[in-house]
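First the structure, in the form of structure tokens, and then the observations on it.
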RNA sequence: GGGGGCGUGGCGAAGCUGGUUAUCGCGCCGGCCUGUCAAGCCGGAGAUCGCGGGUUCAAGCCCCGUCGCUCCCGCCA
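Residue numbers (the numbering used here): 1004 to 1594.
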């Protein structure tokens, strides 16, 4: 490199006119007008127009035509204000251009497989194979730079609040509870496996026992489960834990964080405290535990109204222990076509919903396939319950509770979107609290709703012996615009209680010792009361950036089959490596 | 484990009920042009239609299988 960079491509302004400068970057575009020629030179900071003028630098101009897209160059030249009327308002550097004196070709490039700056419509395979090119584009580059900045803000917030950042092991012990582990064999321990952490949970709790009092970590976590648009097998969580605190201390610490982030990133002042909603209320009114409260459309139970209905579907649903619930789409009558209404039924298919009934409250009376089955009292009670008025549309799902909740939750979101009720610029935070300690597994046995280290609410401890499913916890989820972005709880800090919970979960004492022995042991050495939380950093980035794909916020994401198309991981290993690990591969063929 | 979508030159697409040399735009290569900014004009090269089998006189189009990408359900303590 003969030419030494003096400025970057996003930096030069009108005031720099007259300066002699050197820029480095990639050739974005080449426009040859026979006489004068232009290239757009691009780097991380921006884009600057370079002018090749035969009058100014005949030699450089003669060579300009050799430049191609994505060639790497150093350009030496003079900054000049653009001629009258030639400014480009779309560019930060649009008031100036650089007249080349000379340039140095630092590297050539093959013709890129796609336009680096316009890759959004290119198929995912091609983009992922050439991820380094996709990452050269402005969009992904800005995303990663944004992520870096936000991560820095988060780190600083916790450091400022006297937290200690501690790294916990990546090689951990496998615990079959919860998600599936990624297993790691090793040469020095033949036949044994480490597991990659699903979360630093146990280690952060022992750090509390060690007396660190306030811990945080920006931790990579791993789960060998199926992927989704917002789920990757390796992901990052902001993990934290505090001692001598209760639920509200964690909550206000996090509220402080998000208030600051909203201010520093978006210059938005958000009101504290965030609203809180109990798990039960959330399920009842919104059908899930992560409601989007940017809009209303609450779900209302009408089971009692239809207990004896002339409409068999409703009556039977109630009779067989299910529910009939309804949403009043206020004033939607003239916004929803018959087609819109009919499309609701297939929309709830994934949740095993069988159908969506509807009533359009027209001025000349209700229009609906089902009202004819209702008695007059039934209709009256319904309209009163739902506050139904002319212009409204009522939609119903009748089924088992889970189906009703999931279906109406999905429809609520769909309608919120369709009816334009969602303000895309709003950040709506919410705490969901008072989660049950257990939920029923397929066999009706208790399984942890959160994780087995979550403490029951002190006032509910007695229920552990009488009605375990009624026990609530001081667990809390942070919800942003209908996405769970974090969750945590007050932990068990008492060895006896921890053992009791294990036993309720059907984990034998010996088994518990084997899997969590060190925690049970540690709890006996002066464990302070403690509580914590983990934030899903990738999801937060998605919401802040406003993308619906987690791949847009992770530099090197995996495909849905959990492979890396760029590096081709995972892959086979040498026979000798297996030997060293004392391993032999024998594939179990599936039936 | 289940369901849906997609796979046609480097990229994005078209290809009607199967029928001669597979169409268009961008990009690429060459030429022209002193002000463009995802420039313009002229010319050119480039795909056997993801892969394998089958049906048919004939398949990009139909059938079976398979691979890959993607969305959702299950799963994700």
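For each residue, glycine too, the CB sits at the ideal point set by N, CA and C. Only a predicted model underlies this, so the values are computations on that prediction, with no experimental measurement involved.
Item	Value
Please list, in chain order, all residues of the same chain as residue 1444 whose beta carbon is under 8 Å from its beta carbon, the five residues on each side excluded.	1450
Between the C-alpha atoms of residue 1022 and residue 1099, what's the straight-line distance to the nearest angstrom?	11 Å
Could you tell me the distance, in whole angstroms, from the CA atom of residue 1431 to the CA atom of residue 1547?	12 Å
Can you tell me whether residue 1586 is helix, strand or coil according to DSSP?	coil
Helix or strand or just coil, what does DSSP make of residue 1566?	coil
Would you say the stretch 1054-1062 touches the stretch 1133-1152, given that touching needs at least three Cβ pairs under 8 Å?	no
Helix, strand or coil: which one does DSSP assign to residue 1364?	strand
Quick one: is residue 1541 buried, meaning 16 or more other Cβ sit within 10 Å of its Cβ, or exposed?	buried
Tell whether a beta-carbon distance below 7 Å holds between residue 1053 and residue 1042.	yes
Leaving out the 5 sequence neighbours to the left and right, which residues in its chain are closer than 7 Å to residue 1505 when beta-carbon positions are compared?	1455, 1515
With which residues is residue 1223 paired in a DSSP beta bridge?	1239
DSSP has residue 1168 in a bridge; who is on the other side?	1219
Report the CB separation of residue 1069 from residue 1101 in whole angstroms; it is logged as a contact under 8 Å.	So it is not a contact: roughly 18 Å between Cβ atoms.
For the beta strand (DSSP E) that contains residue 1197, what are its first and last residues?	1196-1198
Output the residue ranges of the alpha helix (DSSP H) runs that lie fully inside the stretch 1350-1418 and measure 4 residues or longer, sorted by chain position.	1379-1389
Hey, quick one: how far does the beta strand (DSSP E) through residue 1531 stretch, first residue to last?	Counting along the chain, residue 1531 falls outside any beta strand (DSSP E), and DSSP gives it neither H nor E.
Suppose you measure from the CA of residue 1016 to the CA of residue 1539; what does that come to, to the nearest Å?	39 Å
Excluding the five sequence neighbours on either side, which residues of its own chain have a C-beta within less than 6 Å of the C-beta of residue 1403, listed in chain order?	1325
When you compare each of 1358, 1298, 1490, 1220 to residue 1372 by their alpha carbons, which one comes out closest?	1358
Check each candidate in 1284, 1251, 1502 and name the one with the smallest Cα separation from residue 1275.	1251
Give the C-beta separation of residue 1585 and residue 1193 to the nearest angstrom, bearing in mind that I take them to be a contact with Cβ-Cβ under 8 Å.	4 Å
To which residues of the same chain is residue 1463 closer than 6 Å at the C-beta, ignoring the five residues directly before and after it?	1474, 1475
Rounded to the nearest angstrom, what separates residue 1036 and residue 1064 at their Cα positions?	11 Å
Where in the stretch 1126-1211 do unbroken runs of the alpha helix (DSSP H), each at least 4 residues long, occur, reported from the N-terminal end onward?	1127-1132, 1134-1137, 1141-1163
Look at the alpha carbon of residue 1228 and the alpha carbon of residue 1183, and state the distance between them as a whole number of angstroms.	6 Å
With H, G and I counted as helix, E and B as strand and the rest as coil, what does DSSP make of residue 1069?	coil
Ignoring anything shorter than 3 residues or poking outside the stretch 1009-1082, list the beta strand (DSSP E) runs there in chain order.	1023-1035, 1040-1046, 1049-1055
If you measure between the beta carbons of residue 1167 and residue 1238, is that distance less than 7 Å?	no
Report the rounded CA-to-CA distance for residue 1289 versus residue 1412, giving the unit in angstroms.	6 Å
Thinking residue 1246 and residue 1532 are a contact (beta carbons under 8 Å), I'd like their distance in whole angstroms, please.	7 Å
Under 7 Å, do residue 1249 and residue 1222 count as touching if we go by C-beta distance?	no
Could you check which residue in 1106, 1520, 1028, 1321 has the C-alpha nearest to that of residue 1055?	1106
Using the Cα positions of residue 1300 and residue 1507, report the straight-line distance between them to the nearest angstrom.	38 Å
In its own chain, which residues sit with a C-beta less than 7 Å from the C-beta of residue 1277, not counting the 5 before and 5 after it?	1258, 1432, 1433, 1434
Distance check for residue 1368 and residue 1332, CA to CA, integer angstroms please.	17 Å
Assuming the contact rule is C-beta atoms closer than 8 Å, residue 1207 and residue 1178 should be a hit. Round their C-beta distance to whole Å, please.	About 15 Å separates the two Cβ atoms, so there is no contact after all.
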